[in-house]
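Written out below as structure tokens is the structure these notes cover.
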Amino acid sequence: MASTVTMTVNGKSVTGAVEARTLLVHFLRETLGLTGTHVGCDTSQCGACVVHVDGKSVKSCTILAVQCAGSEVTTIEGLATEDALHPMQEAFREHHGLQCGFCTPGMVMSAVDLAKTNPDPSEHEVREWLEGNLCRCTGYHNIVKSVVAGAKAMRG
Amino acid sequence: MNAQPETGIGASVRRREDFRFLTGRGNYTDDINRPGQLHAWIVRSPHAHATIEAIDKAPALAVPGVVAVFTGADMVKAGVGSLPCGWLINSRDGSPMIEPPHIPLSPERVRHVGDQVAVVIAETREQARDGAEQLVVTYGELPAIISMTEAIKPGAPLIWDQAPQNSCYDWEFGDRAGVEAAFKGAHHVARLELVNNRLVPNAMEPRAAIGDFDRGTGEYTLYTTSQNPHVIRLLMGAYVLNIPESKLRVVAPDVGGGFGSKIFHYAEEAIVTWAAGKLHKPVKWTADRSESFMSDAHGRDHVTVVELALDKDGKFLALHEKTLANMGAYLSTFSTCIPTILHSTLLAGVYTTPVIYAEVRAVFTNTVPVDAYRGAGRPETTFLLERIVDIAADEMGIDPVELRRRNFIPKDAFPYQTPVALQYDSGDYFTTLEMATKAADYAGFEARRAEAARRGKYRGIGVSSYIEACGIAPSQVVGALGGRAGLYESAEVRVHPTGSVTVFTGTHSHGQGHETTFAQLVSDLLQVPMESVEIVHGDTNKVAFGMGTYGSRSLAVGGMAIMKAVEKVVNKGKKIAAHLLEASEADIEYKDGKFQVAGTDKAKAFGEIALTAYVPHNYPMETLEPGLDESAFYDPKNFTFPSGTHICEVEVDPDTGVTEIVNFVAADDFGRIINPMIVDGQVHGGIAQGIGQALLEGCIYDQQSGQLLTGSYMDYCMPRADDLVSFKVETHNVPAVDNALGVKGCGEAGAIGSPPAVINAIVDALSSLGVRHVEMPATPHRLWQIINEKRAAKAA
Chain X
1 MASTVTMTVN
11 GKSVTGAVEA
21 RTLLVHFLRE
31 TLGLTGTHVG
41 CDTSQCGACV
51 VHVDGKSVKS
61 CTILAVQCAG
71 SEVTTIEGLA
81 TEDALHPMQE
91 AFREHHGLQC
101 GFCTPGMVMS
111 AVDLAKTNPD
121 PSEHEVREWL
131 EGNLCRCTGY
141 HNIVKSVVAG
151 AKAMRG
Chain C
1001 MNAQPETGIG
1011 ASVRRREDFR
1021 FLTGRGNYTD
1031 DINRPGQLHA
1041 WIVRSPHAHA
1051 TIEAIDKAPA
1061 LAVPGVVAVF
1071 TGADMVKAGV
1081 GSLPCGWLIN
1091 SRDGSPMIEP
1101 PHIPLSPERV
1111 RHVGDQVAVV
1121 IAETREQARD
1131 GAEQLVVTYG
1141 ELPAIISMTE
1151 AIKPGAPLIW
1161 DQAPQNSCYD
1171 WEFGDRAGVE
1181 AAFKGAHHVA
1191 RLELVNNRLV
1201 PNAMEPRAAI
1211 GDFDRGTGEY
1221 TLYTTSQNPH
1231 VIRLLMGAYV
1241 LNIPESKLRV
1251 VAPDVGGGFG
1261 SKIFHYAEEA
1271 IVTWAAGKLH
1281 KPVKWTADRS
1291 ESFMSDAHGR
1301 DHVTVVELAL
1311 DKDGKFLALH
1321 EKTLANMGAY
1331 LSTFSTCIPT
1341 ILHSTLLAGV
1351 YTTPVIYAEV
1361 RAVFTNTVPV
1371 DAYRGAGRPE
1381 TTFLLERIVD
1391 IAADEMGIDP
1401 VELRRRNFIP
1411 KDAFPYQTPV
1421 ALQYDSGDYF
1431 TTLEMATKAA
1441 DYAGFEARRA
1451 EAARRGKYRG
1461 IGVSSYIEAC
1471 GIAPSQVVGA
1481 LGGRAGLYES
1491 AEVRVHPTGS
1501 VTVFTGTHSH
1511 GQGHETTFAQ
1521 LVSDLLQVPM
1531 ESVEIVHGDT
1541 NKVAFGMGTY
1551 GSRSLAVGGM
1561 AIMKAVEKVV
1571 NKGKKIAAHL
1581 LEASEADIEY
1591 KDGKFQVAGT
1601 DKAKAFGEIA
1611 LTAYVPHNYP
1621 METLEPGLDE
1631 SAFYDPKNFT
1641 FPSGTHICEV
1651 EVDPDTGVTE
1661 IVNFVAADDF
1671 GRIINPMIVD
1681 GQVHGGIAQG
1691 IGQALLEGCI
1701 YDQQSGQLLT
1711 GSYMDYCMPR
1721 ADDLVSFKVE
1731 THNVPAVDNA
1741 LGVKGCGEAG
1751 AIGSPPAVIN
1761 AIVDALSSLG
1771 VRHVEMPATP
1781 HRLWQIINEK
1791 RAAKAA
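Sequence lines, in order, name chains X and C.
Under the numbering used here, think of the first position of the first sequence as 1, with each following residue one higher.
Under the numbering used here, think of the first position of the second sequence as 1001, with each following residue one higher.
Okay, structure coming up:
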């Protein structure tokens, strides 16, 4: 049964029709056309779909759109300003923390949440935190470097 | 060269692809939606082997939103052809391989779990899926054959009636008599039976395809997650759907990783294109990850016996390999050449072994087709070689590094003709070995082993010296060996009137960063700023032709085609400049972005020549056409041969069986490097996949039912960040001789060199228990069992 849901996505209030079974990721991709958030699996393992809901990183394939009514959602499209990449995005670019780019939005969104809660993470802590984000290209080597550098840049 | 030091050849230029990927502006196939598009859901077989007795479409068609249901019978009736195999292998008796048909939707019988049975098309993806659940398919179950050793037994149930003992081909290669004689006179023979485990490639982007049909023009468009759109256009157009190239456009936009699995022409591509033509509407399909597991071509899956004969000094005298190679239920596009042409031709490795003999039998089983996966045949070769070398070293009491050194092809022996067809053009195996042993502190290892033992851990170190063959070539040889394609590459360098440049390449980038590397290359060759060079790939309507990206070929083959086209641009520019400067063409040299009369200050800038070519008011019209747009095809005269040594150090916890990688070193020779940052990244990713194969990944079928037990990320163990360490990566680059750029290829090396390094390290760690070999993946469960069995046997 279709219903209507309203939430704030990347600072803008949006309203859309959803089915009860519609996942947040499908609402973002299909209703709002925000295709930066990706679907890489069907078991909530890969983390390509990570977004922020009310400031916390969430796998958007694991939450229903209706659960996000009234929430503040930030996707990869909402991270950079008009003029500059977010420091975490910049760190990924500088340290070659991405190759095919498919896992990247989820990695970056997850990493930003880590840096907020742990502003100076060790390599080991980064590896543990990113356990829920799969990457098949980089071997994580440069992702870990990027996240450490990105967290440092976010500390300012 | 290198007029652009910040961006030229050898500079770690940051990637121009990254902005769009980092800001969510990538354009992957599933991000594309066409007006009026319908959605397809593929109904897949739940059985490993069964006849299709009946299909009742009515309940599916009754589901709201469902527009159409098509079956294999519909496709056969419409004259849809078979997905072709691109490489003919002949058996040792001269007979051609058995090549069964592969209709995109199976018409009568299903042969693996996940086999395509029907497609349900609806207005939304959910409706299509709901419709698929209502489709009534009546199956007649047949016995399934999963194990290759069972499949080849006389009397085993047949997957294809035309393939006795489920054999696709029985191939031999090399010098049988020479090998037999050498084994008779050998001082020592090392022998090992091993399994090269089946893997699921698992690019993070699931496959997707959108078929579109323009009724007004009769043109089809396929958007697909492909590594080689032109090859898909050729195979699907000519063999499956009978659409001429002029009416078929294939677009492979941003592709989220491939690793080989997106080379092949898949059934779903033909299904959506065909359905779009029938329904006059775009039809979109995107795989669920579960579908990827049971429909993407898998990799590896060999059962092998290898024997190495040595003299008393440890010199290799002869090598014999006998392998069963799993083809799965159908022949995927390049499946047949992987365990043969791409595998056994590399059996010399980096060694001077004088005689080699290989026997490879390809076997049908009720499993997903097996084809190229990162390294494709070469990891299998390297694994058996580097394992048997370690076993021989252990049995003869020679240090494994020393044994390798004694048998390396000497530095001054290049070009080196191996006994298995390939001729290596260049290499320096000693230096990369030295670099790796130094970086890994090989000499100081025993102290670390002793220290770990005091903590109750088994510590081991493993070495692997690999070689690989990249940029498969030349076309004539490929043809003589059964290849049904040419393996050249094309490029077009289009200089615009203002001097900006668009480069069209037939290769495809799906993570490799070609848009950056190729722009660096052209900027350097043409001596123009990198910002003025744009790279275009992935669309058959933009790029004239191409063979795509696989086998680490893009730079060595595609880059060379670009170089040839650039040379043509420069040569034409010289003619224009000679006319403008009233000089002889022979006196014009191109340097620092200027066409200059040698020995004078008379010159025309590149931009002036470009403008003149398009505004030809003062122009040698009688001898030269206007415009500055040149294309080239390049067919390599040889493969390229990257090589190197990987060293892995591990600690195994006897209480849990968990292996911790404590150090991983790679010292590689990739020839000339354009962008070191990107090359390092390729090596990191390859090593991670190799460690994945060695420690974590294994595709498992239930041997009776043929059900895929590792069908999701919940049960197929992908390497995660906390499974790995940071790698130490170094290069010692000996330029390739057989291409003018001197480049070799780096995409697969990590996945080729690393698995034996890891297993050699684990075997070394457990050597005090008498462990001689450990199969991959060396999971905690497997190692815990081995450790406990060995300890119990010792105690007894």
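The beta carbon of each residue, even a glycine, is placed where N, CA and C say it ideally should be.
All values derive from a computational prediction rather than experimental measurement.
Let me know the secondary structure DSSP gives residue i once reduced to three states.
i	result
C/Asp1412	helix
C/Asp1313	coil
C/Met1547	coil
C/Lys1594	strand
C/Ser1106	coil
X/Asp42	coil
C/His1320	strand
C/Gly1024	coil
C/Thr1217	coil
C/Asn1002	Note that C/Asn1002 has pLDDT 48, beneath the 50 cutoff, so the model's placement of it is unreliable and the number below is only indicative. If DSSP states are grouped into helix, strand and coil, C/Asn1002 belongs with coil.
C/Tyr1239	helix
C/His1187	coil
C/Ile1152	coil
C/Trp1274	helix
Going by CA-CA distance only, name the one from the options that's closest to residue i.
i	options	result
C/Gly1086	C/Glu1123, C/Ala1190, C/Ile1338	C/Ile1338
C/Pro1229	C/Ile1263, C/Glu1141, C/Glu1193, C/Tyr1458	C/Ile1263
C/Tyr1351	C/Glu1359, C/Ala1151, C/Ala1318	C/Ala1318
C/Gly1094	C/Thr1516, C/Leu1481, C/Ala1393, C/Ala1603	C/Leu1481
C/Met1621	C/Asn1638, C/Glu1660, C/Ile1576, C/Ala1439	C/Ile1576
C/Ala1440	C/Gly1456, C/Lys1542, C/Gln1417, C/Ser1464	C/Ser1464
C/Asp1738	C/Arg1791, C/Gly1644, C/Pro1415	C/Pro1415
C/Thr1612	C/Gly1698, C/Thr1273, C/Glu1141, C/Leu1628	C/Leu1628
C/Tyr1223	C/Pro1282, C/Asp1655, C/Ala1186	C/Pro1282
C/Arg1791	C/Pro1777, C/Leu1769, C/Ala1778	C/Leu1769
C/Val1251	C/Ala1208, C/Ala1267, C/Arg1405	C/Ala1208
C/Val1725	X/Lys59, X/His141, X/Thr75	X/His141
C/Ala1452	C/Asn1366, C/Phe1606, C/Leu1766	C/Leu1766
C/Met1677	C/Leu1581, C/Val1774, C/Thr1516	C/Thr1516
Suppose you measure from the CA of residue i to the CA of residue j; what does that come to, to the nearest Å?
i	j	result
C/Asn1196	C/Phe1383	8 Å
C/Arg1378	C/Phe1070	40 Å
C/Leu1521	C/Glu1205	28 Å
C/Ala1688	C/Pro1719	7 Å
C/Tyr1357	C/Thr1345	10 Å
C/Asn1407	C/Gly1349	10 Å
C/Val1477	C/Leu1422	11 Å
C/Lys1574	C/Arg1672	28 Å
X/Val147	X/Gly97	9 Å
X/Ala149	X/Pro87	9 Å
C/Arg1191	C/Ser1335	27 Å
C/Pro1497	C/Ala1586	25 Å
C/Met1236	X/Thr43	32 Å
X/Arg155	X/Ala115	8 Å
C/His1514	C/His1102	34 Å
C/Ile1661	C/Phe1727	10 Å
C/Ser1552	C/Gly1558	10 Å
X/Glu125	X/Val144	10 Å
C/Glu1219	C/Arg1249	8 Å
Who does residue i pair with in a DSSP beta bridge?
i	result
C/Ser1523	Answer by DSSP bridge pairing: none, since C/Ser1523 is not bridged.
C/Thr1138	C/Ala1054
C/Arg1405	Beta-bridge pairing links C/Arg1405 to no other residue.
C/Lys1604	C/Phe1595
C/Asn1090	C/Pro1096
Taking the runs of the alpha helix (DSSP H) that are 4 residues or longer, which of them lie wholly in the segment 1674–1753 of chain C? 1676–1691
Starting from the N-terminal side, write out each stretch of the alpha helix (DSSP H) that is 4 residues or longer and does not extend beyond the segment 40–105 of chain X. Fully enclosed alpha helix (DSSP H) runs of 4 or longer: 87–94.
With a floor of 4 residues, list each alpha helix (DSSP H) that falls wholly inside the segment 1471–1499 of chain C, ordered by position along the chain. Correct list: 1475–1480.
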